[in-house]
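Protein chains in written order, with this note's numbering: chain A, 4 to 504; chain B, 7 to 499. Idealized CB from N, CA, C, for every residue including glycine. Below is one structure, written out as structure tokens; comments come after it.
And the structure:
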């Protein structure tokens, strides 16, 4: 029995012990950065292996209930999200390899912090209790604050780190206050029990709980950078080292959605429709403002940061549809997270690879004629741009298809149309890059030392590019190979496990 | 799984293009390979043409499930209407290659052409709306590349403009498709995006249906282009390379009309009939408006661009005339116009190669230097104007007849306005080709052997179809009858 329970928690245990071990080993001079990078990779791989053991099985369990009470939960849903987070971390460590080799100021502690933040994110999707969730959120965030500001010499880094720290802490305070109010209203902080207690209160005054839950949603909206809490996004994303930006933009969002979906779907289900109007306004503002920000950016990295706000808007469309379209909307969130994760990871990773040495290719203009110098990199970057823009034959298109279908199914045709308009404007800022790369003669930048295509990083990015196209074309052509259907089916399975009583 | 003939037509160019993309081959070999592919497809299309049965049904079907959880399938098939466009593509593209034989020196030019061919065929064969949308939009990427890489003038701006413009239209169509899919799910409990399933939906209220109708219409109207949605046209056509403008004008624009018939007629039969009067009027208005716009142009390419839009307005009017003459005329004009306009743009491309881009004022007296050029130019031009003996005449006659049946007043109007084309086309012919002038045209050379070889089938088709139209009409008639009688309930057997 104990072994079964341990095996449930094994991925978490592996990651956290790896993090501690790396921290203890960091003063040892004998181990180089490369070793640490490799070690991180192995730990993540082991954890993923342990996690995949339960992948695709419908189950739910409270591991070591006598020890943890019901604070932690392991079900198909958390296994699915663990797999996503671990894949995200793996990809980050792979595409970061080159970057960390070049940028010498990264110390070995970085990898320990990285694993701690992965642990925090995994814990977040396992959290079955509000305070556990808060602790998990803070573990992930605190590690990220340090990772952002790791390059002390750089003012931009310090500013980004500080800004994120201050704003993140304030939003964390909202979460705590919200939990306290919910506890005051319902007498429990355990998910599942919350829902039952809330059912019992139906017809009575639940304003305290509504206020508490709204506070928690504030934290949620802050972390996924939705309007009106999006102001930090561009500066922080721009100020962070690129692999960290990729990690934040893609993987952290997955974890946050992982927790909030659990909370909203099970516990706040009876009162969820209260926030519908609020969410519609938030979505419209997020789409509008994000699009506006993305159009005016000169720097590619800042444009990607701004466009991540727009993508948050799309995700929220699916989020608000859940109340009415249920299963298909929530699996569409999961699918879109994967789609965005792949495209953003690829784009950020490739830019970080290109810009690893010096900041020579930063703005749009710097990429003028890039395709004639580096055709393969330009092709990959174009694939990611097309996917972010949602052009058919990429995974981004299928993701948008699910989101908008879910919205229409839920009766939010209006939101789908708004999403479509945002998509169509986004063509401009994504295609601008492709046009610049291909349609102008090459201009060599002074001192531009773009690394050649060799090593782990470009291979990883190449694999992601293939995955982006594969996800868009799907498994028509090769039977029995996991494609779009596989992702959707497993997402549905994980969704179902939430409702096992 | 076995691969059907339609799949081969779609994917052969794409696969070859992908191989050529990575293979370190010279542009000459790439061109020859692309030409070989187009000839292979011509052979396959001939096979389909000869084995096509004379019924209004969909034939050569292929079906594989794709995204099962949403009932999306990879399903293909053709009817009489798609068949003629398939034949059109199969004949025109090899000709285009021959005319561009020494024109384009870059590999990516040919690769883009191959990709465009794949996209066009995919759009043409799709029976599933999701798949249709997939190809419809994916087709745009190679067009984006070919204009951006090889265009002239402000090419980057014009390629972004056409891309954003057309994607805007298609995205509204996308919402409409999704709405139909959801409606099907709510009514029948299963997901499907197949055309044959979506036509059964009966639960959508009229107001919503009008929105959906215009969602589709917007996408097609931009592609065709119909009157107020033409602002991308001029710049795109004049800045495109010859191959790009050829594909845009003679094939992709026709796909807009095709999709109108193929998808909108069965999906919204009642609205199609109800709104037909507006579109007939809009089509005739476009005919006049673009005709006048063409007269005002001093650049041959721009003039032909407007002339092309003018004819497409006429084709649209014929489709909405809701009778067999009008539709048959439209189908016929699609073919005639594709051949003639395609040929004209290719010839203008030849002229540009020798003389550079010039306005009409800088031309003249080409006829002496290039008699073959003049001959083919004249044939294409006569077809565009609709001189008896060419297929343009037959087509325009049928459409005018169709509109007469539909509404005599509009019929009179359309009969009068057909002459607009004559006014500027003859003038161009006279000014640029025939009349001698002081301009230096000594660089102009006559057509090469390859170019003559490419244009010969087109010229033959124009005359053959003009003299004996029945040879081509009988293949398409059952399909059009099926559309009118079984779907729109307006025709009589």
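What is the DSSP secondary structure of residue i, counted as helix, strand or coil?
i              : result
residue 3(B)   : Nothing about residue 3(B) can be read from this structure; chain B reaches only from 7 to 499.
residue 67(B)  : strand
residue 7(B)   : Its pLDDT being 45, under 50, residue 7(B) is placed unreliably by the model, and the measurement read from it follows with that caveat. Residue state, collapsed to three classes: coil.
residue 210(A) : helix
residue 114(B) : helix
residue 366(A) : strand
residue 107(B) : coil
residue 279(A) : helix
residue 63(A)  : strand
residue 174(A) : helix
residue 305(B) : strand
residue 197(B) : coil
residue 287(B) : helix
With a threshold of 8 angstroms between beta carbons, is residue i in contact with chain B?
i              : result
residue 366(A) : no
residue 487(A) : yes
residue 434(A) : yes
residue 85(A)  : no
residue 395(A) : yes
residue 423(A) : yes
residue 350(A) : no
residue 438(A) : yes
Chain A partners of residue i, CB-CB under 8 angstroms?
i              : result
residue 184(B) : 404, 407, 408, 411, 419
residue 170(B) : 427, 430, 431, 434
residue 25(B)  : Here the premise fails: no neighbours, minimum Cβ distance about 15 angstroms.
residue 75(B)  : 488, 491, 492, 495
Just the chain B side, please: which residues come within less than 7 angstroms of residue i by C-beta, in chain order?
i              : result
residue 387(A) : Correct list: empty, because the minimum Cβ distance to chain B is about 14 angstroms.
I want to see whether chain A comes within less than 8 angstroms of residue i, judged by CB atoms only; does it?
i              : result
residue 143(B) : yes
residue 499(B) : Model confidence at residue 499(B) stands at a pLDDT of 44, short of 50, so the residue's coordinates are unreliable; what they give is reported in the following sentence. It does not: the Cβ of residue 499(B) has no partner Cβ on chain A nearer than 8 angstroms.
residue 251(B) : no
residue 450(B) : no
residue 151(B) : yes
residue 178(B) : yes
residue 138(B) : no
residue 161(B) : yes
residue 165(B) : yes
residue 147(B) : yes
Could you check which residue in the options has the C-alpha nearest to that of residue i?
i              : options                        : result
residue 420(B) : 374(B), 293(B), 401(B)         : 293(B)
residue 387(B) : 436(B), 216(B), 441(B), 478(B) : 436(B)
residue 249(B) : 171(B), 160(B), 98(B), 36(B)   : 98(B)
residue 60(B)  : 454(B), 484(B), 107(B)         : 484(B)
residue 286(A) : 166(A), 240(A), 424(A), 94(A)  : 424(A)
residue 11(B)  : 247(B), 127(B), 480(B)         : 127(B)
residue 295(A) : 377(A), 308(A), 497(A)         : 308(A)
residue 45(A)  : 32(A), 83(A), 56(A), 114(A)    : 114(A)
In chain B, what lies closer than 9 angstroms to residue i by C-beta?
i              : result
residue 187(A) : Within chain B, no residue comes near residue 187(A); the closest Cβ sits about 41 angstroms away, beyond 9 angstroms.
Using a C-beta to C-beta distance shorter than 7 angstroms, which residues of chain A count as neighbours of residue i?
i              : result
residue 173(B) : 427, 430
residue 187(B) : 408
At a CB-CB cut-off below 8 angstroms, which residues of chain B make contact with residue i?
i              : result
residue 441(A) : 151, 154, 155
residue 416(A) : 181, 185
query: Is the stretch 244-260 of chain A touching the stretch 141-152 of chain A, taking contact as three or more C-beta pairs under 8 angstroms?
result: yes
- prompt: Are the stretch 327-344 of chain B and the stretch 392-406 of chain B touching, with three or more C-beta to C-beta distances below 8 angstroms?
  reply: yes
- prompt: Are three or more beta carbon pairs between the stretch 489-496 of chain B and the stretch 414-430 of chain B nearer than 8 angstroms?
  reply: no
- prompt: Using 8 angstroms as the threshold, is the stretch 83-102 of chain B in touch with the stretch 273-290 of chain B, meaning 3 or more CB pairs across them?
  reply: no
query: Counting pairs of beta carbons, one from the stretch 69-77 of chain B and one from the stretch 113-124 of chain B, are three or more of them closer than 8 angstroms?
result: no
query: Touch check for the stretch 153-171 of chain B and the stretch 386-398 of chain A: three-plus C-beta pairs under 8 angstroms?
result: no
At least three beta-carbon pairs within less than 8 angstroms, the stretch 250-266 of chain A to the stretch 81-98 of chain A: yes
- request: Report yes or no: do three or more beta-carbon pairs, one from the stretch 178-197 of chain A and one from the stretch 56-69 of chain A, lie closer than 8 angstroms?
  value: no
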